[in-house]
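Engineer:
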Amino acid sequence: MMKYIIELILSIGKVDRRWIFLVIGLAVLLPLFFPLGLPIRATTATQRVYDAVEELEPNSKVLVSFEYGPSTKPEIHPMAIAILRHLFTNSQKVYVTCLWPDGQFMAEDALTEIAEEEYGLTYGEDYVLLGFRPGNEAVVKGLVSNIRKLYTTDARGTLVDQIPMMANVNKVKDFDFIFSASAGYPGTIEWVQYAADPTGVPMSTGTTSIQVNDVMPYVQSGQVKGILAGMPGAAEYEALIGSPGIGTSGMDAQSIAHLVIVLFIVFGNITYFIETRRAKKY
Amino acid sequence: MVAGGLALAFIVFWLAGHPGFREERIVMFLAITIMASTLIYFIRLANRGEKFHLRSIPGLKAVEEAVGRSTEMGKPVLYVPGIMDMDQVETVAGVIILGHVAKMTARYETSLNVPVSRSIVMKAGREIARESYTMEGRPDLFQDDMVHYLTDDQFAYAAGVNGIMVREKPAACLYMGKFYAESLILAETGNSIGAIQIAGTASQAQIPFFVTACDYTLIGEEFFAASAYLSQKPELLGGLKGQDMLKAFVTAAILLSLFLRVFSDLGWIGWNVIDFLTVQ
Amino acid sequence: MLWKRQIPILIATVVGLLTLFGWFIDNPGIESFVNDDATQWFDILASFAIFLGALNLMKLQGRKVLKQHSGWQYSLFAIGGFIFAIVAGFIYKGNDAVAWGVHVTSKGTLFKWMFDFIFTPLSATMFALLAFFVASASYRAFRVRNLEATLLLVSGMIIMVGRVPLGSSISSWFIMYLLVLVGSVAANIKFQDKIITFGVLLGGVVIVTIWGSLAGWPVDQPSIFYLPMLQDWIYNNPNVAGARAIMIGIGLGIFATSIRYILGVEKSYIGE
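Protein chains in written order, with the numbering used here: chain A, 1 to 282; chain B, 1001 to 1280; chain C, 2001 to 2272.
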């Protein structure tokens, strides 16, 4: 009986990887249709972002930068939406820039959904989309020195001088807070290095899970106030603001998928262990 | 003498009131000057014939084996120089390694396929590859379309390279440059076709994916050292030695700063090393 | 030869030194060059260079179609997609109410339609492949070969489970029982004695059970065995320490390599 079980484990251990793909696919898909409702606990890093935003005085000027595209939208868009909700709930003035061309599309979608449809805010008075400018870190440096050199018009073609909320906003130091929703380069690190740290404007960020490693040294040194780490970070932030969204709904699927991967790893090691013992024996 | 002269000139300039110089950045200026001087010193030392010991890097030894394997199997070598442009140091390093790989493929008469993500990288890659083939005495084997442009978009590029891998089934896949999320997609597809894979990148977040999926990985500095290893030029080897000395200096500086910070926090000294080292 | 070697090296040296040391000079002109102009010049060059790449792409794909090489039908998609994007970007707006330029992100335009219904699903699909590839790569690569591989494996599993809500639902007491089980398996392998194995297992279970009963079975205590806490600690301590070390090494590598380019020591990038 034991021999049969061992042979079965070994044969499954040599499984074609497409079976692994199928199991992962089901592990992600099924919880989306049959949610488990697992409780979400905010980490310290997420709590620091929440606290930093909550501490802002009403009518603070907040610069939100969109640096992600369609590929990373599932991870970053939920946190961008949650941040916008939090900011608009607390009556902050939101200025949106984009270091990625795709970011402008993402920003349009987010602002339409939240600022226009949900909160009914006025463009130019409560929020403004300055849009994308090419140049990577040169854009950040340009914003630090003179916004109007980079942005003569906003993303809708309106002259910046004619936008009411742009009055007395000439450089990064005129903002009270920066939030970067970033999926890579240029992104959070450029904002820290060229804007937040030199000017002293407090900053938080939300990034993809893989990028957290790169940004964590800045978080630990206090140059960035907390970090929203991937979809779990987005879900945690949604829980903190009391507004569950796409991030929350994705967490069940991510939980099961991670568990399945761990089980595959354990299973693979059992197979490896049995094969190693056999090799030693013979 | 030159270094002494420059140092003297700077001291005079400083004492004269250093007009136009940002005083708050003097620490960084001195750090850069000392570090550059160290590198130059060891480069000059190497040029004068000094030999430096370099530990072997399996990934670099494997490059020639990989090209040899492709030759035996009659399959092409796929070379991916990253997805960023020539303004990234990693891309320049990747294009330089392409030159060395192109010499090997010219020597063994193996076909080389270099899909690129940026037009400037395409031009630079073509120039280097053409030179390499010419230096090996095989300019007839080189074709411009060996180095060809796919697309600027990250995942469209990954899809294109995957398609090349699945259709042409190269025997060796070399990933040398700056990569982002597409690294695992490329490496896993390369693994599925049974190719020998060697990766080199300084993109910290992607190193674990390459280590997992590739046969050999050049991590961080090993990737920048590749050019020196493959060419064995004295000035480049001297630069490597200088780099190692810099790392020793930085380690010593970290330990010293740690102790000074502790003493400052305990109140034993009234000087905060963090303020001194913070760059404005 | 002068144009192909000396002049490019001179340009690289002058611009490199200016960019490097310009940061220390308090002069608006140099500051402007270093902060804005230099990178913008590169962006302009790169933008015009796109024509080279696009022409090369069309040449290769067109040749495949004309000569009907294997897979030429897919090249039709490449050429068709290229033409469609040109039309959507420069020729046909689809919404006359918006101006050219703004039309790329405005509602109702062909370009926006292309972005929302072609580009976005394709990009998201390619990125989604990572989920499957991570699973197959992990399954293949995470093996208990030696101590370092074991540490990697264990920390990887802790972070994967601890990072998601499922991890916060797993009680530390469950982890402790799991460790008792692993301990008894290890004891069995080491001593090959059923009595010792049973002793370790029974002893462990009894200790954990008594401890848990006395403590009231809190989910997140003892915190050293609570996956989210453990995950936080691994993330913030050994992980960041290793990441910092690699970053310092990479930073030095970039510095040394850049100095070699600026000083003209490394000339391979313009050919030998």
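A virtual CB, placed ideally from N, CA and C, is assigned to each residue, including glycine.
#1: Look at the Cβ atom of Met203(A), then the Cβ atom of Ile178(A), and state whether they are nearer than 8 Å.
#2: Does any residue of chain C have a CB that is nearer than 8 Å to the CB of Tyr68(A)?
#3: In chain order, what residues of the same chain have a beta carbon less than 6 Å from the beta carbon of Glu1050(B), not counting five sequence neighbours either side?
#4: Residues of the segment 250-273 of chain A with a CB closer than 9 Å to any CB of chain C: list them in chain order, please.
#5: Need the endpoints of the beta strand (DSSP E) that Ser1132(B) sits in, please.
#6: How is the beta strand (DSSP E) around Pro1115(B) delimited, first residue to last?
#7: Ends of the alpha helix (DSSP H) at Leu2125(C)?
#8: Please compile the residues from chain A whose C-beta is within a distance smaller than 8 Å of the C-beta of Gln1197(B).
#9: Quick one: what's got a C-beta closer than 7 Å to Leu1236(B)'s C-beta in the same chain, skipping five residues either side?
#10: Which residues, taken in chain order from the segment 2134-2164 of chain C, show a beta carbon closer than 8 Å to some beta carbon of chain A?
#11: Over the uninterrupted alpha helix (DSSP H) stretch that includes Tyr2074(C), give me the two end residues.
#12: Return the Cβ separation of Gly1074(B) and Ser2268(C) in integer angstroms, given the expectation that the two are a contact with Cβ distance under 8 Å.
#13: If you draw a straight line from the alpha carbon of Lys1169(B) to that of Ala1158(B), how long is it in whole angstroms?
#14: What number of angstroms, rounded off, separates the C-alpha of Pro58(A) from the C-alpha of Ala52(A)?
#15: CA-CA distance, Phe1223(B) and Ala1202(B)?
#16: Decide if the segment 1171-1186 of chain B is in contact with the segment 1142-1162 of chain B; the criterion is three or more beta carbon pairs, one per stretch, under 8 Å apart.
#17: Taking Ala2256(C) and Leu1039(B) to be in contact with their CB atoms under 8 Å, please state how far apart those CB atoms are, rounded to whole angstroms.
#18: Please report the distance separating the alpha-carbon of Val2098(C) from that of Val192(A).
#19: Run through DSSP, which three-state label would Glu67(A) get?
#20: Using DSSP with H/G/I as helix, E/B as strand and the rest coil, what is Tyr185(A)?
#21: Can you give the Cα-Cα distance for Asp183(A) and Leu2002(C), rounded to whole angstroms?
#22: 8 Å is my cut-off, CB to CB: does Asp214(A) come that close to chain B?
#23: Given this structure, state the Cα-to-Cα distance separating Phe2132(C) from Gly2204(C), to the nearest angstrom.
#24: Verify the CB distance criterion: does Ala2243(C) have a CB-CB separation below 8 Å to chain A?
#25: Can you list, in chain order, the residues of its chain whose CB lies under 7 Å from that of Leu111(A), leaving out five sequence neighbours each side?
#26: Thr1134(B) to Ala1102(B), Cα distance in whole Å?
#27: For the structure I just gave you, are there three or more beta carbon pairs, one from the segment 2050-2062 of chain C and one from the segment 136-153 of chain A, closer than 8 Å?
#28: At a Cβ threshold of 8 Å, is Asp2036(C) touching chain A?
#29: How would you write the range of the alpha helix (DSSP H) that Val1101(B) sits in, first residue to last?
#30: Where does Phe1290(B) sit, in a helix, a strand or coil, going by DSSP?
#31: Can you give me, in chain order, the residues of the segment 34-46 of chain A that have a beta carbon less than 8 Å from any beta carbon in chain C?
#32: Closer than 7 Å by beta-carbon distance: list the chain F residues that pair up with Ser71(A), in chain order.
#33: Could one say the Cβ of Val28(A) lies closer than 8 Å to chain C's Cβ atoms, at least one of them?
#34: Could you tell me whether the Cβ of Asp2026(C) comes closer than 8 Å to any Cβ of chain B?
#35: For chain A, is any of its Cβ atoms less than 8 Å away from the one on Gln1143(B)?
#36: Looking at the structure shown, is Ala167(A) part of a helix, part of a strand, or coil, going by DSSP?
Structural biologist: Judging by the given coordinates:
#1: It is a contact, given that the beta carbons lie within the stated cut-off.
#2: no
#3: Answer for Glu1050(B): no residue qualifies.
#4: Here the close residues are Met251, Asp252, Gln254, Ser255, Ile256, Ala257, His258, Leu259, Val260, Ile261, Val262, Phe264, Ile265, Val266, Phe267, Gly268, Asn269, Tyr272 and Phe273.
#5: Not the beta strand (DSSP E): Ser1132(B) falls in the alpha helix (DSSP H), residues Ser1119 to Met1135.
#6: Following the DSSP letters along the chain, one finds Pro1115(B) inside the beta strand (DSSP E) bounded by residues Leu1112 to Val1116.
#7: A small correction: the amino acid at residue 2125(C) is Thr; Leu does not occupy that position in the sequence shown. Thr2120 to Ala2141 is the span of the alpha helix (DSSP H), which, as asked, contains Thr2125(C).
#8: None at all; the shortest Cβ gap to chain A is about 16 Å.
#9: Ser1227 and Ala1228
#10: Taking a C-beta cut-off of 8 Å against chain A, the contacting residues of the segment 2134-2164 of chain C are Val2134, Ala2135, Ser2136, Ser2138, Tyr2139, Arg2140, Phe2142, Arg2143, Val2144, Leu2153, Gly2156, Met2157, Met2160, Val2161, Arg2163 and Val2164, listed in chain order.
#11: Trp2072 to Ile2086
#12: The Cβ separation is near 29 Å, so there is no contact.
#13: Computed Cα separation, rounded: 15 Å.
#14: 13 Å
#15: 7 Å
#16: yes
#17: 6 Å
#18: 36 Å
#19: Residue state, collapsed to three classes: strand.
#20: coil
#21: First, the residue type needs correcting, since residue 183(A) is Ala and not Asp in the sequence shown. Distance between the alpha carbons of Ala183(A) and Leu2002(C) is about 43 Å.
#22: yes
#23: 38 Å
#24: yes
#25: Val96, Tyr127 and Leu129
#26: 10 Å
#27: no
#28: Closer than 8 Å to some Cβ of chain A, the Cβ of Asp2036(C) qualifies, so yes.
#29: Val1089 to Tyr1108
#30: Because residue 1290(B) is not part of the residues shown, which for chain B are 1001 to 1280, the question remains open.
#31: So the list reads Leu38, Pro39, Ile40, Arg41, Thr43 and Thr44, given in the order they occur along the chain.
#32: Protein chains in the displayed structure are A, B and C, and chain F is not among them.
#33: yes
#34: yes
#35: no
#36: coil
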